[in-house]
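Contents: one structure, followed by commentary.
In my numbering, the protein residues as written are 799 to 888.
In structure tokens form, the structure reads like this:
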């Protein structure tokens, strides 16, 4: 659970870094992060059974997928565009 909490803190800060250049990605991640905080608070306060654990895991998986799509969109696509443009100059 402590690893999830550390991930939750990092995920909560990610829209702040994306806000200026990729506002749509940042807005898309905010509801998932809020839902993860709510699930985390519920997890700490009481045991919410099998359905809660499935929702908790699903939200975590959804946020991991969103994070990977964001990394691909922010870093990988511009890298390949830069690589393609540098080949044209040579």
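For each residue, glycine too, the CB sits at the ideal point set by N, CA and C.
Model, not experiment: these values are computed from the prediction.
Item: Close beta carbons around residue 857, own chain, < 7 Å, minus the five adjacent residues each side; Value: 830, 833, 834 and 837
Item: Simplified DSSP state of residue 844, which is helix, strand or coil; Value: coil
Item: Distance between residue 839 and residue 814 (C-alpha atoms, nearest Å); Value: 22 Å
Item: Nonlocal neighbours in the same chain, by C-beta distance under 6 Å from residue 823, ignoring five residues either side; Value: 816 and 868
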